[in-house]
Every structure is written in C-alpha cells, then in structure tokens.
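Start counting the sequence shown at 0; every next residue gets the next number (numbering that gives the first Met the number 0). Just so it is clear, CB atoms sit at the ideal spot from N, CA and C, and this is done for glycine as well. Read the structure below first, then the notes.
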Amino acid sequence: MTKEFIPYGRQSISENDIQAVVDVLRSDWLTQGPSVELFERTIADYCGVSHATAVNSATSALHIACLAAGLGSGDTLWTSPNTFVASANCALYCGARVDFVDINPRTYNMSVDALQEKLIKAEHAGCLPKVVIPVHFAGQPCEMARIAELSSRYGFKTIEDASHAIGGKYQGEPVGNCRYADMTVFSFHPVKIVTTGEGGVVTTNNRELHERLVRLRSHGITRDPALMQGESHGDWYYQQVELGYNYRMTDMQAALGASQMRRIDEFVARRHALAHRYNSLLAGMPLILPWQDGTGYSAYHLYVVRADSKQTVIGRRQVFDAMRAAKIGVNVHYIPVHTQPYFRQMGFAEGMFPEAEKYYSAAISLPMFPAMTEAQQDSVVAGLKIVFV
Numbered sequence: 000m001t002k003e004f005i006p007y008g009r010q011s012i013s014e015n016d017i018q019a020v021v022d023v024l025r026s027d028w029l030t031q032g033p034s035v036e037l038f039e040r041t042i043a044d045y046c047g048v049s050h051a052t053a054v055n056s057a058t059s060a061l062h063i064a065c066l067a068a069g070l071g072s073g074d075t076l077w078t079s080p081n082t083f084v085a086s087a088n089c090a091l092y093c094g095a096r097v098d099f100v101d102i103n104p105r106t107y108n109m110s111v112d113a114l115q116e117k118l119i120k121a122e123h124a125g126c127l128p129k130v131v132i133p134v135h136f137a138g139q140p141c142e143m144a145r146i147a148e149l150s151s152r153y154g155f156k157t158i159e160d161a162s163h164a165i166g167g168k169y170q171g172e173p174v175g176n177c178r179y180a181d182m183t184v185f186s187f188h189p190v191k192i193v194t195t196g197e198g199g200v201v202t203t204n205n206r207e208l209h210e211r212l213v214r215l216r217s218h219g220i221t222r223d224p225a226l227m228q229g230e231s232h233g234d235w236y237y238q239q240v241e242l243g244y245n246y247r248m249t250d251m252q253a254a255l256g257a258s259q260m261r262r263i264d265e266f267v268a269r270r271h272a273l274a275h276r277y278n279s280l281l282a283g284m285p286l287i288l289p290w291q292d293g294t295g296y297s298a299y300h301l302y303v304v305r306a307d308s309k310q311t312v313i314g315r316r317q318v319f320d321a322m323r324a325a326k327i328g329v330n331v332h333y334i335p336v337h338t339q340p341y342f343r344q345m346g347f348a349e350g351m352f353p354e355a356e357k358y359y360s361a362a363i364s365l366p367m368f369p370a371m372t373e374a375q376q377d378s379v380v381a382g383l384k385i386v387f388v
C-alpha cells in the first residue's frame, strides 16, 4: 500500500464551512455583500479592534495598508528579511524603497536591538523610515511594546504583518488589536490558521485609516458626499477620489472565513498540543527547537527546527531530501528576501543580514496542521530519527 503523503500544512474544512458557502451560492450576493460585513465584524470582535477591512489577499492588504499610511515615492519601508517577499514588495508597489532589519537569533523575528541601532544611524543620516513592518514569524508575536516606543521616538508608522499570527496573543491580548501598531494585516491562505481560500484583512483603531482602506480596495471610489467635488447627481452617484484597486473579497470567501472563525481557538489549541508533543519527542536529537518568548502566545502557524551544527554534520539539504523521499512534506520558511535576484539588483547582497542567513542555512518546517494525527506526527519524528542515526 502506498504511504500517505504528510503535507506541512493543510486546511480543515467542516460541513458547517461547506454549508456557509452553499448558503451564499443560493443567495442574492456572490461578491462583496453581507457575508463580508459579517466576516469583518467577526475579526474585529475577536481581536478587540475597532475596524477590519477584508480584501482578496494578504498581499493586497499589505499594499493598501502602506498606501493608507502615506507611503510613496521618496519614502522607505523597513521589514524583516525572514519573511515572504510580499512583506517587502508592498513598499515597491507604492514607489518607495525597501530595507531590512536583521532578526533575533532566538525568536527569528525582527531584532528590536538591531532596529534601534539602525534607527539611530538613520536619524543621523537623515533617512528614517516612513513605515516599519515587523513580521510575527511562525505565529510568535514580535516585541511590539518596544517597537511602539521606537515608533513614537522616531516617527514611523507600524504595520504588523501578522499573516501567521491570528489567534495568537501578545501580553495576554489578541494579536491584531493594534494597541502597539497603526494597522495589522492577517492572511487567510489555505495553510494559515483559518482560511477563506485566498484572502486578507487589515485591522485598525483609526477610523480615517479604515475609511481610506475601504476606498483603496474598491478603485478609490466613494459615495460619501462629504468627499465629493460638486453636488451629487442622485442616489446612484459615486466619484473616484483617488487611485484604488479591485481588491475586494467575495461573499463566498467571507462566509467560509466567518464559519472558520468559530473554531479558531480550537485550531490554535491543537497546534500548541502538537508543538508540545514535538518538543517532547524531539528532545535529545541534534536539533534546535522553536524558542518561545514568554510575552507572547504563538498561533504556531509553523513549527521550525534547525539542524544543530555543534552536534551533527548532517545538513538541512540532506534532511529535506530524505524526508521528502519518505513522503513527509517538510518545507523551508524563508529564503532571506534580500538574497533574491530581484533584490540583489537593488544592491542587497549576502552577508548584509547575517542572522537571517544563518537561520535560513539550517531551518526546516515540520508538518503542522489541526487535523494532524499523533500517528502522522510519529511518522515525522521517526523520519528524522532515521536521518540522524
């Protein structure tokens, strides 16, 4: 019998989720309608934030969040090199420059010490960033209180890239409440904590930012007479007041997301159970296991281990190839953004952010998803033991 392939991530779709989508298909609304509003209220209530704006992807969410923050030509955005390229590309979409801040070698998040040091130098050089995007890698929150202090001191806006982190907590409060940031972005890709198929959300407590986000996701169009030039022609009338985009989420996606949110705490609790079991089963192996900062409660989107070069000569490539050959879908998150060919053309090079590069050289993501069984997890661990024997 062919051995089952164990993916690194997998969505969990219930009959209630399916019915929610079917109900929309049988309704009068397929695109942006009441289900989008419900999903936005559900996210806002869960996070304890004033506003949530749903869009068709987290990449779109990052883009319009940057635009709403006023990022444009001549400005600079800083983010982590240990992330998906979207966290940096959003700056380029706005015509701005991008730069990076190296990571903390324990959390793999943006190092606040490195951020502070870079800000001091940038202030002296007269080139402070307009926006900083800390990334809650693998679901573990960044040190947002310290970042907020630096934001106040140096005048940059903060957009949390929490694509991995819905369901997580920072200092006992939900990620996404924007206590320490201007905006937070979530992703609802199928391998994330909850899914809408594809989708993203921007949360904020700032009403003006929210209203601009709503315009930007729909062509820059408004029906608010206070924002129009001249008099309205009638109830049908609208005006385009700025350049926006077609980034709308459909009601089908939103209905799936709202249904999924009913199980978010269950999903995160299961991920924690799997992480704790991994910690126990992998103890004593030549691996560096994920370290958790006590100020946060991770959403555990990923469980990343690193081959410990002090204990083994076996490298990441050998582990990856052996596990994939055994039908265990390990993955790698992430190739440092600054080493990508597109960014090398901008002047970035290897050696510029050594902690991110060191992390990448040995990192491997093990399978982690709510429906994962203990038998599947045992197979993952057994596969690793074969590699390291």
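Pick from 342, 358, 348 that is closest to residue 332, judged by C-alpha positions:
358
Within 10 angstroms of its Cβ, does residue 251 collect 16 or more other Cβ (buried), or is it exposed?
Answer is buried; the Cβ neighbour count reaches 16.
Under 9 Å, do residue 198 and residue 253 count as touching if we go by C-beta distance?
yes
Of the listed residues 295, 280, 294, nearest to residue 288 (C-alpha basis):
280
Out of 96, 86, 55, state which residue places its alpha-carbon closest to the alpha-carbon of residue 344.
When only C-alpha atoms are compared, the closest one is 96.
Can the beta-carbon of residue 158 be found less than 9 Å from the beta-carbon of residue 143?
A distance of 9 Å or more separates the beta carbons of residue 158 and residue 143.
Where are the alpha helix (DSSP H) runs, 4 residues long or more, that stay fully inside the segment 83-112, in chain order?
Every alpha helix (DSSP H) of 4 residues or more that sits fully in the segment 83-112 is shown, in chain order, as 85-92.
Please classify residue 388 as buried or exposed, where buried requires at least 16 other C-beta atoms within 10 Å of its C-beta.
exposed
How many Å lie between residue 1 and residue 328 at the Cα?
With a pLDDT of 47 at residue 1, under the threshold of 50, the modelled position of that residue is not reliable, and the figure given next carries that caveat. Going from the Cα of residue 1 to the Cα of residue 328 covers about 15 Å.
Whose C-beta lies closer than 6 Å to the C-beta of residue 121 among residues of the same chain, with five residues either side of it excluded?
127
Quick one: is residue 389 buried, meaning 16 or more other Cβ sit within 10 Å of its Cβ, or exposed?
Residue numbering for the chain in the displayed model covers 0 to 388; residue 389 lies beyond these limits and cannot be assessed.
Short of 8 Å in beta carbon distance, which residues of its chain neighbour residue 319, apart from the five on each side in sequence? Order them along the chain.
329, 331, 363
Suppose the cutoff is 7 Å on Cβ atoms and the five residues either side in sequence are ignored; what does the same chain contact list for residue 275 look like?
none
Three or more C-beta pairs below 8 Å linking the segment 203-218 and the segment 51-63:
Short answer: they touch.
Along the chain, where does the beta strand (DSSP E) that runs through residue 343 open and close?
First-last for residue 343: 340-343, but that is the alpha helix (DSSP H), not the beta strand (DSSP E).
Within the same chain, show all residues whose beta-carbon is closer than 6 Å to that of residue 10, passing over the 5 residues directly before and after it, in chain order.
189, 194
Give me the DSSP bridge partner(s) of residue 332.
Answer is none; residue 332 lacks a bridge partner.
Rounded C-alpha distance that separates residue 366 from residue 5:
Spanning the alpha carbons of residue 366 and residue 5 requires a straight line of approximately 7 Å.
Assign residue 61 to one of two classes, buried (16 or more other C-beta atoms within 10 Å of its C-beta) or exposed (fewer than that).
Here residue 61 is buried, its C-beta having at least 16 other C-beta atoms within 10 Å.
Where does residue 101 land, buried or exposed, given buried means 16+ other C-beta within 10 angstroms?
buried
Using alpha carbons as the reference points, say which of 150, 191, 168, 177 lies closest to residue 162.
The residue from 150, 191, 168, 177 with its alpha-carbon nearest to that of residue 162 is 191.
Are residue 285 and residue 307 closer than 9 Å when you measure CB to CB?
yes
Looking at residue 67: is its Cβ nearer than 9 Å to the Cβ of residue 211?
yes
Answer yes or no: do residue 368 and residue 8 have a C-beta to C-beta separation smaller than 9 Å?
yes
Go through the segment 38-72 residue by residue and report every complete run of the alpha helix (DSSP H) that reaches 4 residues or more, in order.
57-67
Paired residues, beta bridge with residue 176 - DSSP:
In the DSSP output, where bridge partners are listed per residue, residue 176 has none listed.
So is residue 356 buried or exposed if we call it buried at 16+ other beta carbons inside 10 Å?
buried
For residue 106, verify whether its CB is less than 8 Å away from any heavy atom of the ligand SAH.
For the ligand SAH, the structure offers nothing, since it holds no ligand at all.
Apart from the five residues just before and just after residue 382, which ones in its own chain have a Cβ nearer than 8 Å to its Cβ?
321, 322, 325, 327
Tell me the residue span of the beta strand (DSSP E) that contains residue 164.
Careful: residue 164 lies outside any beta strand (DSSP E) and carries neither H nor E.
Does the segment 200-207 come close enough to the segment 171-185 to have 3 or more Cβ pairs within less than 8 Å?
yes
Of the residues 59, 239, 278, 272, which one's Cα is nearest the Cα of residue 187?
59
Alpha carbon to alpha carbon, what distance is there between residue 260 and residue 299?
16 Å
Mind checking whether residue 80 and residue 108 have CB atoms under 9 Å apart?
Going by C-beta atoms, residue 80 is not nearer than 9 Å to residue 108.
Spatial distance of residue 17 from residue 153 (CA atoms):
48 Å
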